[in-house]
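Taking it in order: structure first as structure tokens, then the write-up.
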Amino acid sequence: MSTVNATEIARETLRHLANRKAAPTPENYARVYHEVCTEKLGPEAVSETSATAADTSAANACDETEYHWATLLSRWFREWERDQENLTHLQKIMSREQVLKYSSNTTLYHKLTALVKNWEKQPTRRVPPATAGVEEDPIARGSQEAWRELWRRSIFQGLAASLREDGEAAPILRQLEAELNADAPDLQQLLQGSRQLWQRLDQLETDGARLSAALSELVHIFLRNIKSLVEDDRWLLGQMEILESSLHPPLRLQRVQTGVGSLKTLVLQQEQRQSSIGAARRALHDLMTLIFESLENFSQDSAEAQNALAVYSQNLEVAEDWQQIRRIVTGVLETSQRLREKTAGSLAVLKDAREQLRRAQNKIHELEEELATVSALVHVDPLTGALNRRGLAEVFRREKARAERHNQSLVLALVDLDRFKRINDRYGHDLGDRVLINFCETFRRALRATDSFARYGGEELVALLPNSTAEKARSVLERVQDELDRQPTMVRDGSFTVSFSAGITQWRSGMELEDCIIDADKALYAAKAAGRRRVFLSNEL
Numbered sequence: 001m002s003t004v005n006a007t008e009i010a011r012e013t014l015r016h017l018a019n020r021k022a023a024p025t026p027e028n029y030a031r032v033y034h035e036v037c038t039e040k041l042g043p044e045a046v047s048e049t050s051a052t053a054a055d056t057s058a059a060n061a062c063d064e065t066e067y068h069w070a071t072l073l074s075r076w077f078r079e080w081e082r083d084q085e086n087l088t089h090l091q092k093i094m095s096r097e098q099v100l101k102y103s104s105n106t107t108l109y110h111k112l113t114a115l116v117k118n119w120e121k122q123p124t125r126r127v128p129p130a131t132a133g134v135e136e137d138p139i140a141r142g143s144q145e146a147w148r149e150l151w152r153r154s155i156f157q158g159l160a161a162s163l164r165e166d167g168e169a170a171p172i173l174r175q176l177e178a179e180l181n182a183d184a185p186d187l188q189q190l191l192q193g194s195r196q197l198w199q200r201l202d203q204l205e206t207d208g209a210r211l212s213a214a215l216s217e218l219v220h221i222f223l224r225n226i227k228s229l230v231e232d233d234r235w236l237l238g239q240m241e242i243l244e245s246s247l248h249p250p251l252r253l254q255r256v257q258t259g260v261g262s263l264k265t266l267v268l269q270q271e272q273r274q275s276s277i278g279a280a281r282r283a284l285h286d287l288m289t290l291i292f293e294s295l296e297n298f299s300q301d302s303a304e305a306q307n308a309l310a311v312y313s314q315n316l317e318v319a320e321d322w323q324q325i326r327r328i329v330t331g332v333l334e335t336s337q338r339l340r341e342k343t344a345g346s347l348a349v350l351k352d353a354r355e356q357l358r359r360a361q362n363k364i365h366e367l368e369e370e371l372a373t374v375s376a377l378v379h380v381d382p383l384t385g386a387l388n389r390r391g392l393a394e395v396f397r398r399e400k401a402r403a404e405r406h407n408q409s410l411v412l413a414l415v416d417l418d419r420f421k422r423i424n425d426r427y428g429h430d431l432g433d434r435v436l437i438n439f440c441e442t443f444r445r446a447l448r449a450t451d452s453f454a455r456y457g458g459e460e461l462v463a464l465l466p467n468s469t470a471e472k473a474r475s476v477l478e479r480v481q482d483e484l485d486r487q488p489t490m491v492r493d494g495s496f497t498v499s500f501s502a503g504i505t506q507w508r509s510g511m512e513l514e515d516c517i518i519d520a521d522k523a524l525y526a527a528k529a530a531g532r533r534r535v536f537l538s539n540e541l
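Each step along the sequence shown adds one to the number in the UniProt record's numbering, with nothing skipped, and position 401 is 401.
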């Protein structure tokens, strides 16, 4: 056996003694030395003579310096077991491995001696007594207690908050709490209980999603039935349009909250205008009552004057002297004067009533127009300010009628943002909404005052350009893309530019909105297939 091999075996023997926490006696050293030799060299290379040589080597090793190995190893084991103030167990392991790498026995002895002396200088760690009323830091009680506290907080501050109202989760939570409070928690029980809680939470989330979808569908069915009953009530149709757009799947809290706020504002404005219309109609009713009363009074006065004149006429026929005739003539004149004065008063009342009636009718007309304007707000997408599908349909009907009447052209462009879903998935829906809003504002600035712009769904947008051509529409869209290139969107990991693909179609006589959308969608699909960031015309396919 070479000297190098003997040194390596001796070092390995010391490591085994330390790991086994065996007493550093010559007998234990010789036995472990023999085991290491058998492991390293094989049983056939180890004989009784090698064992004897090991005994001799051990004895020589113990007497190699003025300090015996047995004494040194005893001190080393004592310090290994002691909990020093400024030493961790990991630091001890690293120091041991660093010392045992030396091949020379003399160097190993001196390095191990220096290590033991350094450990002996460190004071023993003192555990402070528990203070009444002060909660002990879980980390100071060791890693096991720290993990126990971490597990407890994860379950009862994390999962339990979502399962507080669930009856099936309650017994599982009680079982986990009892297990965590035990002196020796069962890890398998904790794992099984936690797994059951996660499964229950997943089931509740699935049930919640299904419940939301079912309630949304129920509301849509209800609104469709209401619409069929109130087709002529424009302001009520507007309210239902807001509800439908807010509940359009997938449900999002921000969209529902926006819809609720818009609906409250709409209802308040409509209530105010409906109240004003009611007041104007009551005033109109009062005016009509006044007119009828004036006419009735006029008729009554006329009848009284007619009766008086008839009496005067009879008296005049039998009158014989001049004084009697004079009295009859005076009475006729006075009756005529009173009738004329009452007639003038009635005419003034009727004239004033007619003016008030005109003002009331104008007020009612103005309020009804305002009510129609408020209801028309439901034709606008609340996020982007563009028209929604309902508004697009009305604008298309109007522009189509104008195009047919004046023999003008009408162009429809269907636009879709490229990889918009990737933006939402990577950066969140809030940034996606901002990207969509900025795109709509950029697009709107590029359009003429006579053009219309609508959000058709998601990231799909529609532009109507009356009295234009497909080529001109393409130029408009290319200018929009150039403008977007100059507006990079800044994000946490850099920036990106927004691009879009578009399909353009020229309206032809007899085409409805759906026909134009289908034509433009084919061109849009071709633009996407060609690599995105392109504008295709339907007549080029």
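Every residue gets a Cβ at the ideal spot worked out from N, C-alpha and C, and that includes glycine.
Residue from the options with nearest C-alpha to residue i
i, options, result
"Arg533", "Asn118, Phe420, Pro185, Lys101", "Phe420"
"Arg96", "Ala114, Thr106, Glu85", "Ala114"
"Met490", "Glu540, Pro466, Tyr427", "Tyr427"
"Leu180", "Arg153, Glu205, Leu197, Val311", "Arg153"
"Leu431", "Ala413, His406, Arg492", "Arg492"
"Arg455", "Glu149, Leu464, Arg448", "Leu464"
"Ile517", "Glu8, Phe453, Leu412", "Leu412"
"Gly391", "Glu478, Asp416, Thr469, Leu513", "Leu513"
"Arg174", "His406, Ile155, Thr469", "Ile155"
"Val435", "Val476, Arg405, Phe500", "Phe500"
"Ala393", "His379, Asp451, Ser509", "His379"
"Ala449", "Val462, Asp433, Pro466, Leu461", "Pro466"
"Arg73", "Ser452, Asp202, Asn28, Ala386", "Residue identity check: residue 73 is Leu in the sequence provided, not Arg. Leu73 has its Cα closest to that of Asn28, out of Ser452, Asp202, Asn28, Ala386."
"Met94", "Trp151, Ala348, Gly193, Leu112", "Leu112"
"Arg11", "Arg31, Ala70, Leu150, Tyr102", "Tyr102"
Alpha-carbon spacing of residue i relative to residue j, whole angstroms
i, j, result
"Leu535", "Arg474", "In the sequence on display, residue 535 carries Val and not Leu. When rounded, the distance between both Cα atoms is 7 Å."
"Glu483", "Arg398", "30 Å"
"Asn388", "Asp381", "5 Å"
"Leu176", "Arg210", "29 Å"
"Leu414", "Leu191", "54 Å"
"Tyr87", "Arg125", "Note on identity: in this sequence residue 87 is Leu, with Tyr being the wrong assignment. Whole-angstrom Cα-Cα distance: 9 Å."
"Asp137", "Gln91", "The predicted model places Asp137 with a pLDDT of 48, which falls under 50 and marks its position as unreliable; any figure quoted below should be read in that light. Asp137 and Gln91: Cα-Cα distance of roughly 23 Å."
"Thr206", "Glu459", "27 Å"
"Asp110", "Glu79", "A small correction: the amino acid at residue 110 is His; Asp does not occupy that position in the sequence shown. Going by the C-alpha atoms only, they are around 16 Å apart."
"Asn118", "His429", "60 Å"
"Lys342", "Arg359", "26 Å"
"His16", "Asp425", "56 Å"
"Leu477", "His365", "41 Å"
"Glu540", "Thr469", "14 Å"
"Ser216", "Ala446", "37 Å"
"Trp507", "Ile423", "33 Å"
"Leu524", "Met511", "19 Å"
"Gln356", "Ala344", "18 Å"
"Leu461", "Pro185", "59 Å"
"Arg354", "Lys363", "14 Å"
"Val395", "Glu471", "22 Å"
First through last residue of the alpha helix (DSSP H) which encompasses residue i
i, result
"Asp425", "420-427"
"Ala413", "No alpha helix (DSSP H) holds Ala413; the beta strand (DSSP E) holding it covers 410-417."
"Gly391", "389-406"
"Thr489", "Per DSSP, Thr489 belongs to no alpha helix (DSSP H); it is in the beta strand (DSSP E), 489-491."
"Phe77", "69-81"
"Ala178", "169-181"
"Ala526", "513-529"
Supposed close pair residue i, residue j - CB separation, criterion 8 Å
i, j, result
"Thr505", "Val480", "Actually they do not touch by this definition, with Cβ atoms about 18 Å apart."
"Thr384", "Ile437", "6 Å"
"Gly503", "Ala530", "Actually they do not touch by this definition, with Cβ atoms about 11 Å apart."
"Gln188", "Ile172", "Incorrect: roughly 15 Å between the Cβ atoms, too far for contact."
"Glu168", "Gln122", "Wrong, their Cβ atoms sit about 54 Å apart, outside the cutoff."
"Ala401", "Ser409", "Actually they do not touch by this definition, with Cβ atoms about 14 Å apart."
"Val116", "Leu108", "That belief does not hold up - the Cβ atoms of Val116 and Leu108 are roughly 12 Å apart, past 8 Å."
"Ser538", "Lys522", "6 Å"
Residue i, enclosing beta strand (DSSP E) - first and last residue
i, result
"Arg455", "452-457"
"Glu460", "460-466"
"Lys535", "In the sequence under discussion, the amino acid at residue 535 is Val, which differs from the Lys named in the question. Per DSSP, Val535 belongs to the beta strand (DSSP E) from 535-537."
Below-8 Å beta-carbon distance, residue i vs any chain D residue
i, result
"Glu35", "The structure shown contains no chain D; it holds only a single protein chain."
Proximity test, residue i beta-carbon vs the ligand GTP heavy atom, cut-off 7 Å
i, result
"Leu477", "Within the structure as shown, the ligand GTP is missing, as the structure has no ligands at all."
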